[in-house]
């Protein structure tokens, strides 16, 4: 059932991508294909291919791909789109077949649909679909060479043809030479030379323009310093370097990246990880090429096959990082902060450099290849109800989660939350109608205090400024600070607390979508917007928030929801009574602030409390986790565990008078320590156990 669902997902994603392209207006669909089939395209142009600088391929590609583009012209791009889709599917199947063994039967079954899904979702493939590019072809040609049954002669021919289409891929011939397949490397070089010579004979002027004037395509297409050029050359131009200084530094960096990257590729190729070696070599080619456009960056995604990390939970960090970098826009990856913006703008290049030169992938001979350190887990929690938990197959991790993975998921989750909140229905008439419903219900319940309290706040200067500052600051500061503290000091509690927070936020998004609600300040009933002053309700202006945030997403109030979550967690984990009291007061004060500033109704606060309660309830029903888990002492290192074991042995000898006390190894030391949490220590043992806890 699960395998069928994966194949269905892959099919839906593939068809949706093709449909998305074909639904575009003619002037926005397959725009790069116009360089082939347009009135001034390759099929019709009588002069040079490069007169307009719109065609960026090699002369050989212009020679051999004309028949394909003529078919695309005759079928208005439909055949081209579905042909590209077929190439993506074939590439996914080949990648799944080329995974380094040994692999489990489960992995072999899910590899193909998962690979196709990731390829279709990636920005390079989406860009290829939209523009009508041919960049899938050279990638597929090279990846075919890593299949077990591909001979050396076939590998040489395939790489030579791929290099004729994209010259930087000639680096694969260098790798073949370095791993000892010199005949295949020579054949690749010869095939490349033959294809280039054929194009030179057929189109001498175009060949001279490409290889002589543009030096292998440099200067063609968009400006080299544009963000779409994810090469070292583009990066240096963007930071302000130019002229001889930029070229000299580029030469040094390109040589360094090529030497380090190709040595790593050779190492992993000899290790039997041919697909990873291909991904590393392709990443090197992207970095050292004069231009590396988005549709050419598929090599980076293939690097997910590398295994990284000592612990089992660490294995997900690199694949998730690569998939996010190659699937999401810059604004989704990182906040809109100037320093982080440069990282986001150059994320593909940084990922390529990391894959080529930095990331320490495991060798197949490493003991961590198949057996990473397992993550401690607990069996599903039991409850008083036989049907709880519903997800009994899930075991609860007990160790601290990987920080990088947590930060990535939090960032992407918040971006998704912001996007859905901003795109929820925001029709003014509907939102105001719901506002009238809320006010009517509050009057019936005799809790319609918003207008009275808002007037008091607006007329009291210090109170107004305090509440405005509180509203804009504490909403993110307190939850993020609490999550960070829990992660560092209470890892088990962190896992217990973050899940209901995520559930509550998702439920809030459902509320924003189904029940758009105008806040009091936008109802035109005399409420005072304490932060922005009087507004034209037909065209309200709240600065950047007007474009980034849906002003009619008021029900439920996440200010109250998140603050209530904070209050519950603080009241449970805080060691001092005064801290517990502050935790309880925090959601109450937040409720006063949202009502006093005319941003929410009282019932919005009730809705916020309801989604947090539902979040904790969902966690209990799905996972059976109701109470906060007991924190255990952090795990000892092997050396420290052995030292503690020797100390226990000495204590047992002195306390019990036994000279033949059995030695205790490091693993049993950790077990003794965890067992001691259940039984109170006695005598001299108590001193050792207290020392363990301090460590």
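Numbering (our numbering), first residue to last: 88 to 782. Virtual Cβ for every residue (Gly too), placed ideally from N, Cα, C. Bear in mind that the values here come from a model prediction, so they are computed numbers and not experimental data.
If you count every other CB in all the chains shown that lies within 10 Å of the CB of residue i, and 16 or more means buried, which is it?
{"i": "residue 439", "result": "buried"}
{"i": "residue 617", "result": "buried"}
{"i": "residue 687", "result": "buried"}
{"i": "residue 534", "result": "exposed"}
{"i": "residue 657", "result": "buried"}
{"i": "residue 374", "result": "buried"}
{"i": "residue 216", "result": "buried"}
{"i": "residue 220", "result": "buried"}
{"i": "residue 430", "result": "exposed"}
{"i": "residue 351", "result": "buried"}
{"i": "residue 377", "result": "buried"}
{"i": "residue 482", "result": "exposed"}
{"i": "residue 551", "result": "buried"}
{"i": "residue 638", "result": "buried"}
{"i": "residue 386", "result": "buried"}
{"i": "residue 663", "result": "exposed"}
{"i": "residue 543", "result": "exposed"}
{"i": "residue 103", "result": "exposed"}
{"i": "residue 582", "result": "buried"}
{"i": "residue 414", "result": "buried"}
{"i": "residue 307", "result": "buried"}
{"i": "residue 91", "result": "exposed"}
{"i": "residue 522", "result": "buried"}
In this structure, does DSSP put residue i in helix, strand or coil?
{"i": "residue 325", "result": "helix"}
{"i": "residue 484", "result": "strand"}
{"i": "residue 460", "result": "strand"}
{"i": "residue 351", "result": "helix"}
{"i": "residue 595", "result": "helix"}
{"i": "residue 335", "result": "helix"}
{"i": "residue 465", "result": "strand"}
{"i": "residue 221", "result": "coil"}
{"i": "residue 279", "result": "helix"}
{"i": "residue 497", "result": "helix"}
{"i": "residue 684", "result": "coil"}
{"i": "residue 473", "result": "coil"}
{"i": "residue 769", "result": "Note that residue 769 has pLDDT 41, beneath the 50 cutoff, so the model's placement of it is unreliable and no number is given."}
{"i": "residue 519", "result": "helix"}
{"i": "residue 214", "result": "helix"}
{"i": "residue 143", "result": "coil"}
{"i": "residue 671", "result": "helix"}
{"i": "residue 664", "result": "helix"}
{"i": "residue 441", "result": "helix"}
{"i": "residue 507", "result": "helix"}
{"i": "residue 602", "result": "coil"}
{"i": "residue 453", "result": "coil"}
Do residue j and residue i count as a contact pair if the criterion is CB distance below 7 Å?
{"i": "residue 702", "j": "residue 591", "result": "yes"}
{"i": "residue 69", "j": "residue 186", "result": "Coverage of the chain is limited to positions 88 through 782, which leaves residue 69 absent and any answer about it impossible."}
{"i": "residue 349", "j": "residue 355", "result": "no"}
{"i": "residue 174", "j": "residue 223", "result": "yes"}
{"i": "residue 604", "j": "residue 642", "result": "yes"}
{"i": "residue 448", "j": "residue 393", "result": "yes"}
{"i": "residue 453", "j": "residue 379", "result": "no"}
{"i": "residue 511", "j": "residue 640", "result": "yes"}
{"i": "residue 200", "j": "residue 97", "result": "yes"}
{"i": "residue 286", "j": "residue 488", "result": "no"}
{"i": "residue 194", "j": "residue 105", "result": "no"}
{"i": "residue 653", "j": "residue 601", "result": "no"}
{"i": "residue 537", "j": "residue 693", "result": "no"}
{"i": "residue 233", "j": "residue 361", "result": "yes"}
{"i": "residue 650", "j": "residue 677", "result": "yes"}
{"i": "residue 557", "j": "residue 680", "result": "yes"}
{"i": "residue 494", "j": "residue 403", "result": "no"}
{"i": "residue 249", "j": "residue 263", "result": "no"}
{"i": "residue 433", "j": "residue 322", "result": "yes"}
{"i": "residue 476", "j": "residue 463", "result": "no"}
**Message:** As an exercise, report each continuous alpha helix (DSSP H) stretch of at least 4 residues that is fully enclosed by the region 166-210, in chain order.
**Reply:** 192-208
**Item:** Validate contact between the region 256-267 and the region 360-371 using beta carbons, cut 8 Å, 3 pairs
**Value:** yes
**Message:** In chain order, what are the residue ranges of uninterrupted alpha helix (DSSP H) at least 4 long that sit wholly in the region 358-410?
**Reply:** 361-375 and 385-389
**Request:** Tell me the start and end of each unbroken alpha helix (DSSP H) in the region 284-326 that is at least 4 residues and wholly inside, in chain order.
**Result:** For the region 284-326, whole alpha helix (DSSP H) runs of length 4 or above, ordered along the chain, are 291-295 and 319-325.
**Contained alpha helix (DSSP H) runs [length at least 4] in the region 525-593, N- to C-terminal order** = The region 525-593 contains these whole alpha helix (DSSP H) runs: 537-546 and 548-576.
**Asked** If we count Cβ pairs, one from each stretch, closer than 8 Å, do we get three or more for the region 333-347 versus the region 220-240?
**Response** Judged by Cβ distances under 8 Å, the region 333-347 makes no contact with the region 220-240, as fewer than three pairs qualify.
**Item:** Sufficient close CB pairs (3 or more, under 8 Å) joining the region 483-503 to the region 564-579
**Value:** yes
**Item:** Continuous alpha helix (DSSP H) assignments of at least 4 residues falling wholly in the region 225-284
**Value:** 239-252 and 258-265
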